[in-house]
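Positions 175 to 348 (the working numbering) are the ones given, in order, by the sequence shown.
The structure appears right after this line, and notes come after that.
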Amino acid sequence: MFFISQLVCCFVGGNEQGYSIGSASLACFLLFGAFMDEFSEFSGRPFRTVDIAVPEVLIGGLLGVMMIFWFTGLAIAAVGKTAGEVVREVRRQLKENPGIMEYKQKPDYRACVSLVTEAALTEMRFPGMLCVAMPVSVGLVFRWVGSMTGRPMLGAEAGPDTFVFFWFRKKIGQ
Numbered sequence: 175m176f177f178i179s180q181l182v183c184c185f186v187g188g189n190e191q192g193y194s195i196g197s198a199s200l201a202c203f204l205l206f207g208a209f210m211d212e213f214s215e216f217s218g219r220p221f222r223t224v225d226i227a228v229p230e231v232l233i234g235g236l237l238g239v240m241m242i243f244w245f246t247g248l249a250i251a252a253v254g255k256t257a258g259e260v261v262r263e264v265r266r267q268l269k270e271n272p273g274i275m276e277y278k279q280k281p282d283y284r285a286c287v288s289l290v291t292e293a294a295l296t297e298m299r300f301p302g303m304l305c306v307a308m309p310v311s312v313g314l315v316f317r318w319v320g321s322m323t324g325r326p327m328l329g330a331e332a333g334p335d336t337f338v339f340f341w342f343r344k345k346i347g348q
């Protein structure tokens, strides 16, 4: 009976994950189509295909994928650091007020909540700035390279690739 219940849990979890990945993939294609339409309107020329063999697209995509892992690592490190601070605060409260364990005293919830709030705002500054600065910097670098090679729209072509890859991978991972 235990094996059957485990099998049912795996089947149900797999279906949920499949539905979420499928819907995220559909959203990715639809939003990328909307991006292509907006780019066509902005540049005044048709944009119907994305050629991964073009170095700018490949580099923009690789930078976007790299940014996903960098952001995730920074976010996990921030959560770990905050969790360590919460453990230290709880230990401090238990040491100062031993009656908490016997329900004779109430813990200081406000201290824990303020600690977590402050740590969340502090620790997520750099990852948040990364999400904004990376696509902008890639666009500026490729714009400079494009002006040197005679392709002034290169920044507008390659910069959003970083954002698009990051955004869609983030949505799929939720």
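Don't be surprised by glycine CBs; every beta carbon is placed ideally from N, CA and C.
For this session: Look at the alpha carbon of V224 and the alpha carbon of V239, and state the distance between them as a whole number of angstroms.
Result: 17 Å
Could you give the uninterrupted runs of the beta strand (DSSP E) lying entirely in the segment 210-288, keeping only those of 3 residues or more? none
Simplified DSSP state of M298, which is helix, strand or coil: DSSP places M298 outside both helix and strand once states are collapsed to three, so it counts as coil.
* Could you check the C-alpha separation between S214 and P220 for me, to the nearest Å? => 5 Å
Inter-residue spacing [alpha-carbon to alpha-carbon] between V264 and Y283
The C-alpha of V264 lies about 10 Å from the C-alpha of Y283.
TODO: In angstroms with no decimal places, state the Cα-to-Cα distance between L304 and I233.
DONE: 17 Å
Item to complete: Please classify M308: is it buried, with 16 or more other beta-carbons within 10 angstroms of its beta-carbon, or exposed?
Response: buried
* Give the straight-line distance between the Cα atoms of S321 and G313, rounded to the nearest whole angstrom. => 12 Å
### Task
Going by CA-CA distance only, name the one from A294, A227 and I195 that's closest to E259.
Considering only alpha carbons, the answer is A294.
TODO: Using the Cα positions of G246 and V253, report the straight-line distance between them to the nearest angstrom.
DONE: According to the sequence displayed, residue 246 carries Thr and not Gly. Each residue's alpha carbon lies about 11 Å from the other.
In this structure, how does DSSP classify G196 when only helix, strand and coil are distinguished? helix
Next on the checklist: Does R325 come out as helix, strand or coil in the three-state DSSP assignment?
Outcome noted: coil
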